Amino acid sequence: MKRLLLLLCLCALCLSGCMSRQLEEELLVIVLGVDADENDTVCLTVKVPSSAAQQQKEEDGYLLYSAKGRGFADALAMLRAAAPRQLNFSQVREIIFGIGAARQADFSLLLSQIDAIPRFRCSAAVIVCREEAREFVEALKPDLGVRLSRYADTTLSNSAGKGFTPDTDLCEALRDLGLGFEDPLLILGAVGGEADGSPVNEENVLDALPGALPWQGAGKIELFGAAATDGVRVSGFLTGYEMALIHLMEGGASSLTVRQEADVPLHVTALHPAKLFVDVSVRPIRLTAALTFEVHYPPGHAPDAAALQKTLAADLDRMLAHLQALRCDGAGFGNAAASQFLTVQAWEALGWREAYARAERQIILTVICREG
């Protein structure tokens, strides 16, 4: 037994020594930022943990490195050549795209090139920011705790769990972008107070974009809403409220709090995912979503169920109309439509992207009100 314990201790010492040498010889990339302009100039920015000695000089214990090139390959080559250690991309938590890069016609190519980096972490979250990625990455700091990787994982999970952002990672974005059955929705972010945010909707503060949210906190980073894609690139933004409605359509466990009258919160949950139907026999085609919401209200404050149902149905219809205007099938109607065709040729003959953008909408909503 003593020999076994001694052997285990020696193994642990050897492994820790190997890990220590690896950390000294490599730079573990935690965040990757991608900027691009119309001249095909790409700027890559990485955030890596600094050493113990460097942490005394760095406020948050992390270092920033950037490099530019004519295209992604040149920028990556320059970044690797200029970095003081070998870059290790196996621990990347977030991929930040500046709005310029996200709206490039070769956005899907950028995703593929990132995925092709050796040892790249495919489960890294994809975030589109409303400014340059370098500015966003520089402002990204672990406000709670000291490890940026743990802070990023927890923050993204918490944000998606509340229902105001998607949780799309690199694998999912690559799988769905351009496929035609359902367009990926990407996490939307901004540096608080610095982006050109839309005016706050006083009737619904959740119906807003990041960058000018009516809140204050220790950190500058705001994650709220989604970046919509049209099969090629990012085509526009969804507010946090619109993203919450999509989560309800998907049958998400998180609830949405709305108010029918002053200071009376109503908690809305979906009893099951929405049933989506597409009637391709008519022109324009018709999109139908059938949902059942359960609304919990405080004792003694029963809401007007008919009025609430009308309001929520109108909000859902407005959200779907916005998706159509952005040519983004973020709700997944394409899956319901494609299942009606026996051959690929017949499906392609429909011209789904155009047919979807011009389609009529129908919301069938049932609201069940419960006290408590």
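Everything in the sequence shown is counted per my numbering, starting at 35 for the first residue and increasing by one.
Positions of the beta carbon are idealized from the N, C-alpha and C atoms, including for glycine.
Quantities reported herein were computed from a predicted structural model and do not represent experimental measurements.
Using the DSSP secondary-structure output, state which residues sit across from N122 in a beta bridge. Partner(s): L62.
Nearest by alpha-carbon distance to V302: which of A150, C403, R181 is it? Taking only the C-alpha atoms, the option nearest V302 is C403.
Work out the CA separation of S142 and L243 for me, nearest whole Å. In a straight line, the C-alpha of L243 is about 24 Å away from that of S142.
Look up L204 in the DSSP assignment and say whether it is helix, strand or coil. DSSP places L204 in helix when its eight states are reduced to three.
So, at 6 Å on beta carbons, what are the nonlocal neighbours of E284 in its own chain, with the 5 sequence-adjacent residues on each side left out? Counting only Cβ-Cβ distances below 6 Å, and skipping sequence neighbours, we find P307.
Scan the segment 310-392 and note each continuous alpha helix (DSSP H) run of 4 residues or more that stays entirely inside, going in chain order. As far as the segment 310-392 is concerned, its whole alpha helix (DSSP H) runs of at least 4 residues are 339-359, 367-372, 378-384, 386-391.
The alpha helix (DSSP H) spanning T189 covers which residue range? T189 -> alpha helix (DSSP H) spans 182-196.
Under the three-state reduction of DSSP, which class applies to A117: helix, strand or coil? The answer is coil: DSSP assigns A117 none of H, G, I, E or B.
Quick check on L211: does DSSP put it in helix, strand or coil? The answer is coil: DSSP assigns L211 none of H, G, I, E or B.
Burial state of W249 (16 or more Cβ within 10 Å): W249 is exposed by the Cβ-count criterion.
Measuring CA to CA, which of G95, E59, A109, V63 is closest to A70? The candidate whose alpha carbon is nearest that of A70 is A109.
Return the CA-CA distance between Q90 and Y99, expressed in angstroms with no decimal places. Bear in mind that a pLDDT of 40 at Q90, under 50, signals an unreliable position, so the number given afterwards is only what the model happens to contain. In this structure, the alpha-carbon of Q90 lies about 18 Å from that of Y99.
For T188 and L174, the rounded distance between their alpha carbons: Between the alpha carbons of L174 and T188 lies a gap of roughly 14 Å.
Taking the alpha carbon of A260 as the point to measure from, which residue in D338, E172, G334, R164 has its own alpha carbon closest? The residue with the shortest Cα to Cα distance from A260 is R164.
To which residues of the same chain is A87 closer than 6 Å at the C-beta, ignoring the five residues directly before and after it? Note that A87 has pLDDT 40, beneath the 50 cutoff, so the model's placement of it is unreliable and the number below is only indicative. The answer is none, since no qualifying residue turns up.
Three-way DSSP call (helix, strand, coil) for Q396 in this model: Q396: strand per DSSP, three-state reduction.
Under 6 Å Cβ to Cβ from F198, same chain only, skipping five residues before and after it: list those, please. Cβ neighbours of F198 beyond the five flanking positions: F258, G274, M277, A278.
Looking only at its chain, what residues have a beta carbon closer than 7 Å to the beta carbon of N238, apart from the 5 residues adjacent to it on each side? Listed in chain order, the non-local C-beta contacts of N238 below 7 Å within the same chain comprise Y275, local neighbours out to five positions each way being set aside.
Sorted by chain position, which residues of the same chain lie with C-beta nearer than 8 Å to D349's C-beta, five sequence neighbours on each side aside? Taken in chain order, the residues that qualify are Y275, L279.
Residues in its own chain within less than 6 Å of E92 by CB, not counting five upstream and five downstream? Confidence in E92 is poor, its pLDDT being 48 and thus under 50, which makes the residue's placement unreliable; the coordinate value appears in the next sentence. The beta carbon of E92 sits closer than 6 Å to those of S84, all from its chain and outside the five residues before and after it, given in chain order.
For R181, I'd like the list of residues in its chain whose CB is within less than 8 Å of its CB, leaving aside the five on either flank, ordered along the chain. Within the same chain, R181 has no close Cβ partners at all.
For V401: DSSP bridge partner residues: Answer by DSSP bridge pairing, in chain order: F327.
Environment of R127 [buried if 16+ CB atoms lie within 10 Å]: The C-beta of R127 has 16 or more other C-beta atoms within 10 Å across all chains shown, which makes the residue buried.
Please classify I398 as buried or exposed, where buried requires at least 16 neighbouring CB atoms within 10 angstroms. By the Cβ-count criterion, I398 is exposed, with fewer than 16 other Cβ atoms from all chains shown falling within 10 Å of its own Cβ.
Considering only DSSP beta bridges, list what A224 is partnered with. For A224, which the question treats as bridged, DSSP gives the partners E256.
Tell me where the alpha helix (DSSP H) around A167 begins and ends. Annotation: the continuous alpha helix (DSSP H) that includes A167 extends over 167-173.
Give me the Cα-Cα distance between D363 and A380, rounded to the nearest whole angstrom. It is roughly 20 Å from the alpha-carbon of D363 to the alpha-carbon of A380.
How far does the alpha helix (DSSP H) with I133 in it reach, from first residue to last? It spans 133-136 - the alpha helix (DSSP H) in which I133 sits, taken as one unbroken run.
Looking only at C-alpha atoms, which of K81, V312, Y331 sits nearest to T291? Nearest of K81, V312, Y331 to T291, Cα basis: Y331.
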